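For the sequence shown, counting from 1, position 168 maps to 167 in numbering that gives the first Met the number 0; every step adds exactly one.
Where is the CB? At the ideal position from N, CA and C, for every residue including glycine.
Small disclaimer: the values here were computed from a predicted structure and weren't measured.
Structure first, commentary second.
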Amino acid sequence: MTELDLSVEVYPCPKGSVRHREVVRKTGGKEQFPFLVDQNGGISMYESGDIVKYLFEQYGEGKSPSLGLLESTVFTGWMPTILRAGRGMTRWEYSRPDPPPGKLELFSYENNPSARIVREALCELELPYVLQNVGEGSHRMKLLLDASGSKEVPYFIDHSTGFQSGEYK
């Protein structure tokens, strides 16, 4: 998503999910992740490699995925998850059953280790959010600068309460 400079709505589906896993099962027919729903393209699909190929075909403006993007999931996905003892994979037992009343927003880019910690927490709490990818050259950087006065990520905004923070701890 960062490489394509896309913003996405994320509906976390940790193990033990009480909200979003059922939606995936009803929409796609099975409980498998990742699962992409592209309302603009009218498509939904499983499988990381297929999703990456589709996103580049639809939104890549002729670009191809960078070298190793399709092959690197062991190093960029599973290895950090293993090193962090599976954080972000299971719903926290004390998380609230109801989603927040308004949108949550996270400014991030995919390989930022501090942002990963925030994404893991949002997943464990099963909180949906808008992910604003602000990698190098992103046209969303002005949104981040206007909100935070800085280019530093992660930056989190709870639009319901007005809470904003660049601290991930």
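Legend entry - Per-residue DSSP class, three states only, for Thr-26: Judged by DSSP in its simplified three-state form, Thr-26 adopts helix.
Legend entry - Which listed residue (Val-17, Ala-120, Arg-95, Pro-96) has its alpha carbon closest to that of Met-88: It is Ala-120.
Inset, instruction - Using a threshold of 8 Å, state whether the C-beta atoms of Glu-125 and Pro-11 are closer than that. - result: Taking 8 Å as the cut-off, the Cβ atoms of Glu-125 and Pro-11 count as close.
Legend entry - Residues of its chain near Lys-14, where Cβ-Cβ distance is below 8 Å and the 5 sequence neighbours each way are ignored: Cβ contact annotation for Lys-14 (same chain, cutoff 8 Å, sequence separation greater than five): Met-88, Thr-89, Arg-90, in chain order.
Legend entry - Asn-39 - partner residues in DSSP beta bridges: BP columns for Asn-39 are empty, so no partner.
Inset, instruction - Measure the CB-CB distance between Leu-170 and Val-7 and report whether it falls below 8 Å. - result: The structure shown does not extend to residue 170, since the chain is modelled only from 0 through 168, so no value can be given for it.
Inset, instruction - From the DSSP output, in three-state form, read off Met-140 for me. - result: Residue state, collapsed to three classes: helix.
Legend entry - Ser-47 (DSSP reduced to helix, strand or coil): Residue state, collapsed to three classes: helix.
Inset, instruction - Decide if Ile-42 is buried, meaning its Cβ has at least 16 other Cβ atoms within 10 Å, or exposed. - result: Burial call: exposed.
Inset, instruction - Please name the residue, chosen from Ser-159, Tyr-108, His-158, that lies closest to Ser-137 on a Cα-to-Cα basis. - result: Among Ser-159, Tyr-108, His-158, the Cα nearest to that of Ser-137 is on Tyr-108.
Legend entry - Range covered by the beta strand (DSSP E) that runs through Val-7: Val-7 -> beta strand (DSSP E) spans 6–9.
Inset, instruction - Go ahead and pull the three-state DSSP assignment for Glu-21. - result: Helix, per DSSP.
Legend entry - First and last residue of the uninterrupted beta strand (DSSP E) at Leu-103: Segment 103–107, the beta strand (DSSP E) holding Leu-103.
Legend entry - Where Phe-32 sits in the DSSP three-state scheme: Collapsing the DSSP output to three states places Phe-32 in coil.
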